[in-house]
Amino acid sequence: MYAQMVTSEGGKARDEMTPEERAFQDRIDRGERIEPKDWMPEGYRKTLIRQIGQHAHSEVVGQLPEGNWITRAPTLERKQILLAKVQDEAGHGLYLYSAAETLGVSRDELTGMLLAGKMKYSSIFNYPTLTWADIGAVGWLVDGAAIMNQVPLQRTSYGPYARAMVRICKEESFHQRQGYSIMMTMARGTPDQKAMAQDALNRFWYPSLMMFGPSDKDSVHSAQSMAWKIKINTNDELRQKFVDQTVPQARFLGLEIPDPGLAWNEEKGGHDFSQPDWSEFYEVLKGNGPCNAERMEARIEAWEDGAWVREGLMAHAEKRAAAHAAE
Amino acid sequence: MPALPETTIPADAVLFETLLRVGDSALILGHRVSEWCGHAPTLEEDIALANVALDLIGQATLWLGLAAEIEGAGRDADALAFRRDAGGFRNLLLAEQPNRDFAVTVMRQFLFDAWHAEMLAGLAVSTDPRVAEIAAKAQKEVAYHLERSETLVIGLGDGTPESHARMQAALTRLWPFTGEPFRGDATDAAAAEAGIAPDPAALEPGWSARVEAVLAEATLTLPDTARFRSGGRSGVHGEALGLLLAEMQFLQRAYPDARW
Ligand SMILES: [Fe+2]
Ligand SMILES: [Fe+2]
Ligand SMILES: [Fe+2]
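Each protein sequence line maps, in turn, to chains A and B. Numbered per UniProt numbering, the first sequence spans residues 1 to 327. Numbered per UniProt numbering, the second sequence spans residues 1 to 260.
Quick look at the structure:
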């Protein structure tokens, strides 16, 4: 997902917990919200910082593949919609950094870790957007997968994170609709456009399935995160839901999902489908995906080239404050 | 060259041309600003720049939509935006100047906004109610653009030595393009005569007063170079506009039969 393979810390059996830890777990089990000033185990705090930070970085880096087509958007209306969408993603980054700040880590610290390669962002944003149809596919599939994950996170145990998710989810459904609308226009357009739409689906299908992360049904990290309610569903549950939701949408578009193994399974009430190539996923996470270098370069350049701007504005604010104090 | 005979420009042609001028400037500057998306110095700036780009492209859509309607040749705003070559564009040269660094971007925005606000105030009292309506809507947005670009010019001009030097260099680079908005031609004269648009020269005192006050607060020095560059009104642009259009118009040109 936007936060993939977050390792959690401090998993303990109930009889190993301190009384404080036990009381904390009881609050979570009762469905109470944890707020910034409340006592929390260090592992909970650290795991959340990793998860929210990774999510925030994904929103920010996620501007790049779509930003790649803003200047080439084919109509004035499409250009405005895409600009508004990418602007939303920057806003999501802001909400999430603010949520992380309540845990005692600043936006600049988190950014520093991203740029130093010590924190990750979602694997999906390391894939290129090669045609206009890719902008449709990203909205439809990538934002669609994000929604799958983020809707349950509105009920996550940490208050500021849950509230950020509520705001974000309101905007995400518009993102998915604009993507699907592009796909629809392309799929019903000229033969060239239809071919672009199919090609975009072919390239984005498996990377979208990877967004949920590898199966975690046996992962201790996931078990701990689920006990803390900072993860609500297993990766496999979300992936299954995503496939089941997307298959009829693809059919409606007249596009074919690039999986010969895809079939309805009456017994489980869901689709059987092929797993993505997980070795590719691990390569992308390691930094070897098609666009890892470009994405990081772009963020580092924005940060470094922007240093004089941030410093200049800061210096001016200080001059103002000093002049004010002297009055 | 012998003097050309005086000819009267048909009223619709004057209105069409006037709309292209204001609409193209909004479109081209909006495009330039949108190039920043995802690369700004802070997330807040990413959001603010996207806002300005959205406003300007939205305004361009309205101006060009009306232009196409006046023209009555079956074109729409998209056809005007995506199917004209550089020589058909009527934007100010200032609007098409490349982003370069954030200083040039901010300074270009300020110099433009200060003109844009004056221009829209004039258009808002146009004798053509359709023009007045679009201008009134745009005026609200541009008041915010100007407030923001002023704040940034002052903050960065009177910031660190580096930010000051960059802002001064940006001002010097852009200064030659700041005379063009105020030098009208026969079309502008006809538009002013008909009360469609303000006389370009009449906007200059307000612009100068504002620009000089803000640049003084920003501790920046007014360049003493001539403000002589022009060509936008007659479609004679810089090399950069052709490249901008090659990018912007790519899909409509490569797939002329497609609908998007
Ligand atoms: Fe988002
Ligand atoms: Fe997103
Ligand atoms: Fe989104």
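A virtual CB, placed ideally from N, CA and C, is assigned to each residue, including glycine.
Query raised in the report: Do T127 of chain B and A194 of chain B have their C-beta atoms closer together than 8 Å?
Result: Position 127 of the second sequence holds residue 127 of chain B. Position 194 of the second sequence holds residue 194 of chain B. Contact flag set, yes.
Query raised in the report: Cβ of D88 of chain A versus every heavy atom of ligand 3: is any distance shorter than 7 Å?
Result: For this step, residue 88 of chain A is matched to residue 88 along the first sequence. For ligand 3, at least one heavy atom lies less than 7 Å from the Cβ of D88 of chain A.
Query raised in the report: Helix, strand or coil for A246 of chain B per DSSP?
Result: Counted from its first residue, the second sequence places residue 246 of chain B at position 246. The answer is helix: DSSP assigns A246 of chain B an H, G or I state.
Query raised in the report: Would you say E172 of chain A touches ligand 1, meaning its beta carbon is less than 7 Å from a heavy atom?
Result: The residue you call residue 172 of chain A lines up with position 172 of the first sequence. Yes, ligand 1 has a heavy atom inside 7 Å of this Cβ.
Query raised in the report: Per DSSP, what kind of secondary structure is G184 of chain B in: helix, strand or coil?
Result: Your numbering for residue 184 of chain B matches position 184 in the second sequence. Reduced to three states, the DSSP call for G184 of chain B is coil.
Query raised in the report: Since K79 of chain A meets chain C, which of its residues come closer than 8 Å, beta carbon to beta carbon?
Result: Structure shown: chain C not included; protein chains present are A and B.
Report task. Indicate whether at least one CB of chain A lies closer than 8 Å to the CB of A191 of chain B. Result -> Locating residue 191 of chain B in the second sequence gives position 191, counting from the first residue. A191 of chain B does not count as touching chain A.
Query raised in the report: If you drop the 5 nearest sequence neighbours on each side, which residues of the same chain put their C-beta closer than 6 Å to that of T131 of chain A?
Result: Taking the first residue of the first sequence as 1, we reach residue 131 of chain A at position 131. Here the set comprises M196.
Report task. Can you tell me which of B:R259, B:S234, B:E44, B:G155 puts its alpha carbon nearest to the alpha carbon of A103 of chain B? Result -> Looking up residue 103 of chain B in the second sequence gives position 103. Checked all of B:R259, B:S234, B:E44, B:G155; the closest Cα to A103 of chain B is B:G155.
Requested in this report: Assign A246 of chain B to buried or exposed, taking buried as 16 or more other Cβ atoms, counted over all protein chains shown, within 10 Å of its Cβ.
Outcome: Stepping through the second sequence from its first residue, residue 246 of chain B is reached at position 246. Classification for A246 of chain B: exposed.
Query raised in the report: For D199 of chain B, which beta-bridge partners are listed by DSSP?
Result: In the second sequence, the residue the question calls residue 199 of chain B occupies position 199. Answer is none; D199 of chain B lacks a bridge partner.
**Report entry** DSSP bridge partner residues for N265 of chain A (one or two, in chain order)
**Finding:** Within the first sequence, the letter at position 265 stands for residue 265 of chain A. Paired residues: A:G270.
Requested in this report: With distances taken Cα to Cα, identify the nearest neighbour of R173 of chain B among B:N99, B:L244, B:A189.
Outcome: The residue given as residue 173 of chain B occupies position 173 in the second sequence. The option with the nearest alpha carbon to R173 of chain B is B:N99.
Query raised in the report: Quick one, are the C-beta atoms of P181 of chain B and P205 of chain B less than 8 Å apart?
Result: One-based indexing of the second sequence puts residue 181 of chain B at position 181. One-based indexing of the second sequence puts residue 205 of chain B at position 205. Contact: no.
Query raised in the report: Taking Cβ positions only, does G74 of chain B come closer than 8 Å to chain A?
Result: Residue 74 of chain B sits at position 74 when you count from the first residue of the second sequence. Answer no: the Cβ-Cβ gap between G74 of chain B and chain A never drops below 8 Å.
Requested in this report: Ignore the nearest five residues each way along the sequence and tell me which others in V60 of chain A's own chain have a CB closer than 6 Å to its CB.
Outcome: Taking the first sequence and counting its residues from 1, the one referred to as residue 60 of chain A is at position 60. Correct list, in chain order: G93.
Query raised in the report: Name the chain A residues whose beta carbon is nearer than 9 Å to that of F102 of chain B?
Result: In the second sequence, the residue the question calls residue 102 of chain B occupies position 102. In chain order: D305, G306, W308, V309.
Query raised in the report: I124 of chain A: beta carbon under 7 Å from a heavy atom of ligand 1?
Result: For this step, residue 124 of chain A is matched to residue 124 along the first sequence. Not so, every heavy atom of ligand 1 lies at least 7 Å from the Cβ.
Query raised in the report: Unbroken beta strand (DSSP E) runs of length 3 or more, entirely within the stretch 206-230 of chain B: which are they?
Result: none
Report task. Could you check how far apart the C-beta atoms of I52 of chain A and A99 of chain A are, in whole angstroms? I think they sit under 8 Å. Result -> Position 52 of the first sequence, counting from 1, holds the residue named residue 52 of chain A. Position 99 of the first sequence, counting from 1, holds the residue named residue 99 of chain A. With 8 Å as the limit, I52 of chain A and A99 of chain A qualify as a contact, their Cβ atoms being about 5 Å apart.
Query raised in the report: Sorry if obvious, but does the Cβ on A146 of chain A come closer than 7 Å to a heavy atom of ligand 1?
Result: Taking the first residue of the first sequence as 1, we reach residue 146 of chain A at position 146. Under cutoff, so the answer is yes.
**Report entry** Cβ-heavy atom distance, H237 of chain B to ligand 3, below 7 Å
**Finding:** Taking the first residue of the second sequence as position 1, residue 237 of chain B is located at position 237. No, the beta carbon of H237 of chain B sits no closer than 7 Å to any heavy atom of ligand 3.
Report task. Could you work out which residues of chain A lie near residue 280 of chain B, taking near to mean beta carbons separated by less than 8 Å? Result -> Within the shown structure, residues of chain B are numbered from 1 to 260, placing residue 280 of chain B beyond reach of any answer.
Query raised in the report: Are the Cβ atoms of I70 of chain A and S25 of chain B separated by less than 8 Å?
Result: Looking up residue 70 of chain A in the first sequence gives position 70. Looking up residue 25 of chain B in the second sequence gives position 25. Going by C-beta atoms, I70 of chain A is not nearer than 8 Å to S25 of chain B.
Report task. Note down, in chain order, all residues in the stretch 135-147 of chain B with a beta-carbon under 8 Å from any beta-carbon belonging to chain A. Result -> none
Query raised in the report: H175 of chain A: beta carbon under 7 Å from a heavy atom of ligand 5?
Result: Inclusion of ligand 5 in the displayed structure is not the case, the ligand content consisting of ligand 1, ligand 2 and ligand 3 alone.
Query raised in the report: Going by the beta-carbon positions, is the gap between H109 of chain B and S163 of chain B smaller than 8 Å?
Result: Within the second sequence, numbered from 1, the residue matching residue 109 of chain B stands at position 109. Within the second sequence, numbered from 1, the residue matching residue 163 of chain B stands at position 163. The sequence given here places Gln at residue 109 of chain B; His does not occur at that position. The answer is no: Cβ separation not under 8 Å.
Query - Validate contact between the stretch 129-139 of chain B and the stretch 61-79 of chain B using beta carbons, cut 8 Å, 3 pairs - result: yes
**Report entry** Residue-level contact to chain B via CB, I135 of chain A, 8 Å cutoff
**Finding:** In the first sequence, counting from the first residue as 1, residue 135 of chain A sits at position 135. Not one chain B Cβ lies under 8 Å of I135 of chain A.
Report task. Could you list the residues in the stretch 264-284 of chain A with a C-beta less than 7 Å from some C-beta on chain B, going in chain order? Result -> none
Query raised in the report: In its own chain, which residues sit with a C-beta less than 7 Å from the C-beta of Q154 of chain A, not counting the 5 before and 5 after it?
Result: For the purposes of this step, residue 154 of chain A is identified with residue 154 of the first sequence, where counting begins at 1. Excluding residues within five positions, the ones whose Cβ falls inside 7 Å are A162, M165, V166, C169.
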